[in-house]
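Participant: Submitted below is the structure of interest, expressed as structure tokens.
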Ligand SMILES: Nc1nc2c(ncn2[C@@H]2O[C@H](COP(=O)(O)OP(=O)(O)OP(=O)(O)O)[C@@H](O)[C@H]2O)c(=O)[nH]1
Ligand SMILES: [Mg+2]
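In the numbering used here, the protein residues as written are -7 to 251.
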């Protein structure tokens, strides 16, 4: 029995939200994987509806991790910087294809002195969101190290990656497009999906978190189908998708930047 309140109407995901840039997307399919869609329709999603997916948000100090989470979860923006000490988290409940699905969004500290506390919370992530400031090229360079640290605590083949450029409102279109070329390269190297957002204006924030919810849900259902298929002797469920899956079909190799 589900004793929780109904999911908010603005957290209902009925269609697969699209990627931001096709060149750096986890996959570019226009709709949910057919196996996922039919499993949801036939209520064969097993334990997925009772699970909470852990999402960790990492990146340099002051790049805007807390503001990003607060814009989505509370629709607020604070222009004053207050460093996160250790970690903080927010819960967000969604309904994806009729199935309840919760995200636990872990906001971690970027300041060096709080990093060792924060890193003890990295384990068990289903998705890693690495944030950099689109106006600060050093913060993009540092994303490789943030990824390497987060992957020390997680299985690289089982985790979904997002590279998010923040504070888009502070750059001119010309500055932004120059920086985006570099960011796309880094995202491709990491096998991460790339997004650019502004927590001040709210640009792309909702679309980004809906995409995170949809892709983590899709991968949870595929994993569940694989597990339940494996339990039936002689009955194998193949979950490899069409060629448009850019990163999700092949097991992730250790990204070059973490070697
Ligand atoms: N203009 C603009 N400023 C932003 C945006 N996002 C964050 N900021 C500002 O950047 C500063 C840092 O934001 P935070 O969200 O606290 O940064 P953080 O990454 O959580 O920092 P740590 O907790 O120290 O790791 C604050 O002054 C915010 O107001 C944005 O999208 N646009
Ligand atoms: Mg913070």
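Idealized CB from N, CA, C, for every residue including glycine. Predicted model, so just to flag it, every value in this text is computed and none were measured.
Mind checking residue 16: buried by the 16 CB within 10 Å criterion, or exposed?
Facilitator: When all chains shown are included, residue 16 counts as buried.
Participant: Taking the runs of the beta strand (DSSP E) that are 3 residues or longer, which of them lie wholly in the region 0 to 53?
Facilitator: With a minimum length of 3 residues, the continuous beta strand (DSSP E) runs that stay inside the region 0 to 53 are 44 to 51.
Participant: State yes or no: is the C-beta of residue 142 within less than 8 Å of the C-beta of residue 77?
Facilitator: No, the Cβ-Cβ distance between residue 142 and residue 77 is not below 8 Å.
Participant: Return the Cβ separation of residue 51 and residue 102 in integer angstroms, given the expectation that the two are a contact with Cβ distance under 8 Å.
Facilitator: Right, their Cβ atoms sit about 6 Å apart.
Participant: Which residues in the same chain as residue 22 place their Cβ atom closer than 8 Å to its Cβ, once the five residues preceding and following it in sequence are excluded?
Facilitator: 8 and 10, listed in sequence order.
Participant: Give the DSSP-derived three-state secondary structure of residue 56 in the structure shown.
Facilitator: Three-state DSSP puts residue 56 in coil, outside helix and strand.
Participant: Can you give the Cα-Cα distance for residue 129 and residue 24, rounded to whole angstroms?
Facilitator: C-alpha separation (whole angstroms): 34 Å.
Participant: For residue 169, which residues does DSSP report across the bridge?
Facilitator: Looking at the DSSP assignment, residue 169 forms no beta bridge with any residue, so it has no partner.
Participant: Determine the burial state of residue 201: buried for a count of at least 16 other Cβ atoms within 10 Å of its Cβ, exposed for fewer.
Facilitator: Buried is the call here.
Participant: What does DSSP give as the partner residues of residue 155 in its beta bridges?
Facilitator: Answer by DSSP bridge pairing, in chain order: 122 and 186.
Participant: Please work out which residues of its chain come closer than 7 Å, Cβ to Cβ, to residue 118, disregarding the five sequence neighbours upstream and downstream, and give them in chain order.
Facilitator: 45, 46, 47, 151, 152 and 208.
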